[in-house]
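Some notes on the structure that comes next.
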Amino acid sequence: MRSIARHPLLRRLVETVLTLFGVAVLVFTTLRAIPGDEITATLGTEAAGLSAEQQESLRAYYGLDKPLVLQFFSWLGNVLTGNLGFSRRAGATVGEMTANALPVTMELAVLATIVGLLIGVPLAMLSASRPNGVRDGFGQLVGLAALSVPNFLLGAALLTVISRYAHYNPNAQGFAHFTQDPLLNLQQMLFPALILGFGLAAPIMRTARSALLEVQTQDFVRTARGKGVAPWRLRVRHVLHNALNPIVTMTGIQFGYLLGGAVVVEQIFSVPGLGRQVLAGIQQKEYAVVQSTVLVIATTFVVVNLLTDLLYRVIDPRVRAA
Amino acid sequence: MKLPSALSAPATRCVLAVAAAALVATGCSSGTPGKEGSTGSGTLVVGYTADPNTLDPWKATQFQAVHLLEQVYGTLTELDGDLNVKPGLAEKWQYADGNKTLTLTLRQGVKFHDGKPFSSADVKSSIERIQKPETAAVAAATVKSIQSVDAPDPQTVVLHLTAPDAGLLAGFATTNLAMLSKDDTSEAIGQKPNGTGAFTFGSRTAGQSVKLTANGDYWGGKPKVGGLEFRIIPDQTSVVAALQSGNVQFATLDDPLVAKSAEGSGLKVAKTPSLSYHVLQLNARKAPLDKLDVRLAISCAIDRKQVLDTAALGAGEVTGPITSPAYKSDPNARPCPTRDVAKAKQLLAGAGLANGVTIPAIVSQGEYATSVNEAQNLQAQLKEAGITLDLQTLESGAYVDKWVAADFTAAVALNGGRPDPDGMYGRYFTSTGNLNRVAGYSSPELDKLFAEGKATTDPAKRKEIYTQVSRHLEDNAAWVWLFSSYGYTATTQGVAGFTPMANGSLQNLRETSLQ
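Here you go:
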C-alpha cells in the first residue's frame, strides 16, 4: 500500500491537482479584488443612474448576490462536471469558446516555437563556432535585438507597412481556422508567429550558446575531432545533440508561456486565441470566463511540462537509466 | 541535406520535419496575394474594436453594442442630421390636455424580423417593461413621466403623463428605448435579436464578427448594401491597417492621432463635432469644493483652449455645458471668459485659502485616448494659481467604480451628450435626478428652470430657459466644461452616402452604398 502512495506518477498527480486548486483559488480571489463587477463593466457610467431596485435585480441576474464561498464552490462543482460557465458577452458557453480558442493558441505557439528554434539554434551554433569572434558578436547582437525590441512595436509597424504599401493584410479578412481555410489560416498565422518566434529566439539562442560552449570543451569532443570527424558532423551529431537538454527545457518553458496567450500579439493581429479570451473576460468582469480559461491554461501548462520531462528520456539515455 | 540523418533520436527528427513542412507552407502562402474584400457581394465590413457586450437594447451603453443594435431595432422617434426629432415607428403625434397627454399614431405595415406585425400592444408592453425595476433598463428614468399607456386601436398609443415632458419625444429616439415585440423576452433577444430595423441579425462568432442581413421589408426602404459585418479588430491602429488593405471599408475612430494617420494614407476621413464633452467634474458637496469661491477660482485658472491644444491636438471646440446644435451654450458666457490667474488667486484668498489648496482628482487610464494628457495640463495650469490637483490615475474599471459611487472630489471625465438639454442635464442637475449624486450640485433655481423647460414645447421659450440653465451652471462653477471633441469616420474610397451624426449614431449605415 505504501509503495503505491510513493509511486512517482501518483505523487505527480496529487501535486498537479493541488497546484490547479491553488490556481483556482488565486484567480478567484484576485478577480474579486479588481474594482468593478459585471454590472459596471456592462453599463459603464450609466450604472450610476440605476435605482436601488434595478441594481438589486441586476445583482441577482449576474449571480453577484450570493456569498463568495458559495460562488466559488458552485463554479468549481460545475467545472468538475464539465460545465465551464456561460459568457453573456459572447453568447456562448466557455466550453465552446475554449474549444475554438485553444487550437488557435496551440497552433500559434507551435509555429512561433518552430520559428524561434530555427532562428535561435543556428544562430547559437554560429556564435559558438568562434566564441568572442565576429560571428559570435553578430549572433549576440541579433539575440539582443530580439530580446529588446518589444513585440507590440514590431507587430504594429509590420502590419502598417504591409497594409499600406503592399495592400496585403490577411489578418483583416476575418479569422479562418486551419480546418476551414488552411491557406488563409497560415497567412494569418505567419506574421504573429514570426514576431513571437523572433522574441523567442533570444532566450533559446542564449541558452543554446552556453550549452554548446560547455559541451565543446569536453574530452569526447576532442577525441572525436582527433579521430577526424568532419567539422559539421561534429557540431551537429556530437555537440548539439549533447547540448539539447537545456535547449529543450528553455523551449518548453517558453512554449508554456505562449499557451498563456500572447495577448499583445493576438490583439494586434486579431487572432482569437486564449489570451484575448482571458483579456475580454477581465474587461467584462465575466468571472466564470476568466476562472475557467485560466484553469484550462494552467492544465495545459502542466501537461506541457510533463511532456518536456518525458522528452528528456528520449533525448538523453542517461535520464532513462536514472 | 545531411542534417536530419545525422540525428538519431526520432523525436528530434520529427520536430525538424514539422519545422520544414511549416516553412514550406508559410513560404508558399506568403506569396499568395490577399483576397481583397473577401466577403460576398455588397457586404459592408465595419471595423470594430470589441465584441458587443450585450444584445439587449435596453441595457446597451457600450458603443459597440449600441452601433450594432441601432441597425436591428426601431424607435418611436428618430433624429435627423441636425438632431431634430423626426418620425420613426410613430408617424405623427399630438399633445393635448395641457401637454399631459401625448397621442402617437404608429406607422402601418411595419413588421418585426420574425414576421409578426408591429402594433400599439408592443409599444405598451415595451414601455411598461422598461419602467419595471426588475428589467433594469438604463433609460427607465427617461420614461418616468409616463403614468399609463393606452392602446385603443392597433395604430394608436395614448401616453398619460404625470406632468408635461417636452424632452420625451427626443428621448424616445434612443436605442435604449427600442420597441420590442410583446412576445419576446430579454433572454430570447439576448440570443437572437428581433427588431423592426433596417438589418436583421444573422450570426455572431465571439471575438471575431457579427453579421447582419439587409431587411427587405424595412419600412424606410431596403438598405443599399446586402448586409453588414462588424468585424472585431481589437487594436485601433490595426483597424486603420485593415482599412488601408481594403479588407475593412468602414470604421469609427476617436483618437485624433490615429485619425490623422488614417487621413494621411488615402482613406476618406470625415470629422463630426460630437455631443460628448470633456469636463473637470467638481463635487460641490465635498470640501473644499463646497465653497463657491474655490470652484470659481478653478474655473478662472483654466484656459480651455490650451487643454484642447495640448491634450487633443486642437481637434475639437471649446464648449459650455450644452453641446446640441439647437441649444448650444455660448462658451464665453462664464465668469472668466479668458484665463485670469490673478482673479483665481484673489478668489482663493477670499475663501481663506491664500496659501493654496489641494484637490484630489480621479483620471481614467485607457477609457479614452486624451484623458491623462488633459489631466496633466489641468494640473500644470492650476498650479500657477496655487491649486494643487492631486491626480489619481485609475484603470478604467476602477475609475468607473468610483465615478458611479460618486466617490471623488474632482473627476476628469468625458461624458456623453444628448440632443435635448433636459435629457442631457435634467438627470444630473435636478435635485431628484438619478445622477445628481454624481453631479454633486443642485439648487432650487435649477430645479425650477428644468421644470419650466419640461412644461413648454415652444422651441424659442425652451432655448431661453436652457440658456439660463447654462449660465447658472457656469456662474456657480458646478463643473468646468472644457471642450467637445470630434468623432471620426474613416472609409475606403468606394463607400458613399454615409452621413455621420453628432450623437455618434451609425443609423445612416442603411443609406450607405458600396461601389
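Same order as they appear, the protein sequences are chains A and B. So that you can map any letter, position 228 of the first sequence is 228 in the UniProt record's numbering, and since no number is skipped, the others follow by simple counting. So that you can map any letter, position 324 of the second sequence is 324 in the UniProt record's numbering, and since no number is skipped, the others follow by simple counting. From the three backbone atoms N, C-alpha and C, an ideal C-beta is built for every residue, glycine too.
For H177(A), there are no neighbours in chain B by C-beta distance under 8 angstroms, as the nearest C-beta there is about 10 angstroms away. Assignment of K271(B) by DSSP, reduced to helix, strand and coil, places it in the strand class. The contact set of M97(A) on chain B, defined by CB atoms closer than 9 angstroms, consists of A206, G207 in chain order. At least one CB of chain A lies nearer than 9 angstroms to the CB of A241(B). Contacts between P133(B) and chain A, judged by CB atoms closer than 7 angstroms, involve S51, E53, Q54, S57 in chain order. N169(A) belongs to the set of residues whose beta carbon lies under 9 angstroms from a beta carbon in chain B. Pairing L267(B) with Q281(B) gives a Cβ-Cβ distance that is not under 9 angstroms.
Looking at the backbone, the Cα of L258(A) and that of P421(B) are separated by about 51 angstroms. Judged by DSSP secondary structure, Y95(B) falls within the beta strand (DSSP E) whose first and last residues are 90 to 96. N83(A) sits away from T98(A), with the two beta carbons spaced by 9 angstroms or more.
In the three-state reduction of the DSSP assignment, E96(A) falls in the helix class, which pools H, G and I. Taking CB atoms only, A208(A) has no neighbour in chain B less than 9 angstroms away. When secondary structure is reduced to three states using DSSP, D475(B) falls in the helix class. Under the three-state reduction of DSSP, F230(B) is assigned to strand. Across the structure, P133(B) and S57(A) are spaced so that their CA atoms are roughly 7 angstroms apart.
Between L296(B) and the set G42(B), E474(B), D150(B), G74(B), the nearest pair of CA atoms involves E474(B). Nearest to L76(A) by alpha-carbon distance, out of V296(A), A109(A), A52(A), is V296(A). When DSSP states are grouped into helix, strand and coil, P170(A) belongs to the helix group. Just so you know, the alpha carbons of N169(A) and T42(A) end up roughly 32 angstroms apart.
W219(B) sits in coil when the DSSP states are folded into three classes, being neither helix nor strand.
Bounds of the beta strand (DSSP E) holding D390(B) are 387 to 395. Using a CB distance below 7 angstroms, the part of the segment 19 to 37 of chain A facing chain B consists of I34, P35, G36, ordered along the chain.
For chain B, the residues of the segment 73 to 92 of chain A that bring a beta carbon within less than 9 angstroms of one of its beta carbons are S87, R88, R89, A90, G91, A92, in chain order. Inter-residue distance for G264(B) and D458(B) is about 46 angstroms (C-alpha atoms, whole angstroms).
Close to N434(B), with beta-carbon spacing below 9 angstroms, are these residues of chain A in chain order: A48, G49, L50, S51. For G47(B), the pairing in a beta bridge is given by DSSP as R231(B), A251(B). About 4 angstroms separates the CB atoms of F230(B) and Y48(B); that is less than 8 angstroms, so the two are in contact. Residue-level contact check: D401(B) touches chain A, since one or more beta carbons of chain A fall below 9 angstroms from its beta carbon. The beta-carbon separation of P223(B) and S324(B), rounded to 27 angstroms, does not stay under the 8 angstroms limit for a contact. When only Cα atoms are considered, P154(B) and L89(B) end up about 13 angstroms apart. Between L240(A) and M106(A), the C-beta gap is not smaller than 9 angstroms, which leaves the two residues out of contact. By the criterion of at least three beta-carbon pairs nearer than 8 angstroms, the segment 129 to 146 of chain B is not in contact with the segment 64 to 81 of chain B. When beta bridges are read from the DSSP output, S145(B) appears opposite no residue. In this structure L212(A) touches A128(A) by the C-beta definition: roughly 4 angstroms separates them, less than 8 angstroms. Within the same chain, no Cβ atom closer than 6 angstroms to the Cβ of T30(A) is found once the five residues on either side in sequence are excluded.
Every unbroken stretch of the beta strand (DSSP E) spanning 3 or more residues and falling wholly within the segment 297 to 369 of chain B is given here in chain order: 316 to 318, 357 to 365.
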